[in-house]
Amino acid sequence: MISNQIMFILFSAMIIVFSILTVTSRKILRAAVYLLFVLVSTSGLYFMLDYQFLAAVQLTLYAGGIVVLIIFSILLTSHISQKFEPTGIMKSVFSAIASIAGAILAIITILDYNFSATAQAAKEVDMRLIGNSLLSVDYDGYILPFEVISVLLLAAMIAAIVIAKRGGPEKSELPTLKQE
Amino acid sequence: MSTGIPVQYFLVLATIMFFTGIYGFLTRRNLITMLMSVELILNAVNINFLAFNRYLYPHKLEGMFFSLFIIAVAASEAAVAIAIVINIYRRFATINVEDVNEMKH
C-alpha cells in the first residue's frame, strides 16, 4: 500500500519535472533525453496499472523507437552544442498563462466529478486474451481497428520513404540548398 | 497493484503533462521540439485512457486497445514528420518554423 504510493509519487514527480525540462531546455539533445525519461516513467505507471503488455510496447516503441528516431534527426539537422535563443518574454508569459489556466480548469473539473467504480471483477489481461481480442470479429473483437492501423502503418512507411528520398534527376539540377 | 491511489491522481498527473506539452507547442520554434511536445500530449492521453480502463471499467479492454492504437499512430506520425523535417532541412538549411515560410519549390 505505502510502497505503491511512494512509487506513484516517484514516477509522477519524474514525469512532471522532466516534462517541464523537455519543453524549456535550450539544448535540443538534452530535451530529447529528458523526453526519454518521461516516456520510461510513463511505462512505469503502466506497470503500476497492471498493463504489462502495454508497458512493454511503450518501452520498445516509444523509448526505443521514437526517441532514437528523434535523436537521429537532431544529429542530422543541428549542431549538438547549438543553443536556442530564449523565447520572447511576452510569448512565454502568455503561453504559460494559457496552459496554467487550462490545467487549473481541468483539475477543478476532475476533482469535482464523482467517479464511481464498477463492482465488476477485473479481467486478467494476458497475452492470449490480447491476441484473441485483436483478431476476433465478435462483440469484443478489434479486428477492424487492427486492419485500419496496419494499412495506416504501411501508408506511413511508404510516405516516409517517398518524402525523404532525394528528388529525381531533373530536380537535382535546381539549387536545392539555400546557403546562408 | 494500484490500490491506495485514487483515480483522480492519475488524471491530475495526465492533465499537468498535457498542458506542459501545450506550453511547449506554443513556445517552441523548432520543428523537432514541437514534435516532442506532441509526443508529450499523446502520452498524457494514453495515461488517461488506461486509468479510466483500470478504475472504472476493469472488465473491459477498450482503453487498453485504444492506447495501443494511439501508440501506433504516434509512431507513424513521428516517422512521417521526421521525413518532412529532413526534407525541409535539405531545402532551407534550417528547421526553424519562422524561417520556413514558402511551400513553393
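Residue numbers (this note's numbering), protein chains in the order written: chain W, 1303 to 1482; chain S, 7 to 111.
All C-beta atoms, glycine included, are put in the ideal place defined by N, C-alpha and C.
- Contact of residue 1383 of chain W with chain S by beta-carbon distance below 7 Å is absent, the smallest such distance being about 15 Å.
- Counting the other Cβ atoms within 10 Å of the Cβ of residue 49 of chain S gives 16 or more, which makes it buried.
- Put simply, the CB of residue 102 of chain S is far from chain W, with every gap to its CB atoms at 7 Å or more.
- Chain-order list of chain S residues neighbouring residue 1379 of chain W: 38, 91, 92, 95 and 101, by C-beta distance under 8 Å.
- Taken in chain order, the whole alpha helix (DSSP H) runs of length 4 or more contained in the stretch 1406-1438 of chain W are 1429-1437.
- At a Cβ-Cβ threshold of 7 Å, residue 101 of chain S and residue 37 of chain S count as neighbours.
- In this chain, residue 99 of chain S is not harboured by any alpha helix (DSSP H), its DSSP state being neither H nor E.
- Of the candidates W:1329, W:1426 and W:1407, W:1329 places its Cα closest to the Cα of residue 1381 of chain W.
- Here the stretch 1340-1347 of chain W makes contact with the stretch 1307-1314 of chain W; the two share three or more CB pairs at distances below 8 Å.
- Taking every protein chain shown into account, the CB of residue 1430 of chain W has fewer than 16 other CB atoms within 10 angstroms, so this residue is exposed.
- Looking from the CA of residue 1400 of chain W, the closest CA among S:39, S:27, S:79 and S:14 belongs to S:27.
- A straight line joining the alpha-carbon of residue 1393 of chain W with that of residue 1402 of chain W spans about 14 Å.
- Neighbourhood of residue 107 of chain S in chain W, by CB distance below 7 Å: empty, with the nearest CB roughly 12 Å away.
- Bounds of the alpha helix (DSSP H) holding residue 1320 of chain W are 1304-1326.
- Nearest CB-CB separation between residue 1441 of chain W and chain S: not below the 7 Å threshold.
- Within the stretch 28-79 of chain S, the runs of alpha helix (DSSP H) at least 4 residues long that lie entirely inside it are, in chain order, 37-61.
- Around residue 1320 of chain W, the same chain offers 1336, 1339 and 1340 as residues with beta carbons nearer than 6 Å, after the five sequence neighbours per side are excluded.
- Pairing residue 1426 of chain W with residue 16 of chain S, the inter-Cα distance amounts to about 21 Å.
- Counted as a single uninterrupted DSSP element, the alpha helix (DSSP H) harbouring residue 1354 of chain W occupies residues 1354-1359.
- Close partners of residue 22 of chain S in chain W (Cβ separation under 7 Å): 1318 and 1405.
- Taking CB atoms only, residue 48 of chain S has no neighbour in chain W less than 7 Å away.
- Of the other Cβ atoms in all chains shown, 16 or more fall within 10 Å of the Cβ of residue 34 of chain S; this residue is therefore buried.
- About 16 Å separates the CB atoms of residue 70 of chain S and residue 1441 of chain W; that is not less than 8 Å, and the two are not in contact.
- Residue 84 of chain S places its beta carbon less than 7 Å from that of residue 1371 of chain W.
- In the structure shown, residue 1467 of chain W falls within a coil segment according to DSSP collapsed to helix, strand and coil.
- The Cβ-Cβ distance between residue 1409 of chain W and residue 21 of chain S falls below 7 Å.
- A distance below 7 Å separates the beta carbons of residue 23 of chain S and residue 1317 of chain W.
- Counting only residues of its own chain and dropping the five nearest sequence neighbours on each side, residue 91 of chain S has a CB closer than 7 Å to the CB of 37, 38 and 101.
- Scanning chain S for C-beta atoms nearer than 9 Å to the C-beta of residue 1358 of chain W yields nothing, as the closest lies near 11 Å away.
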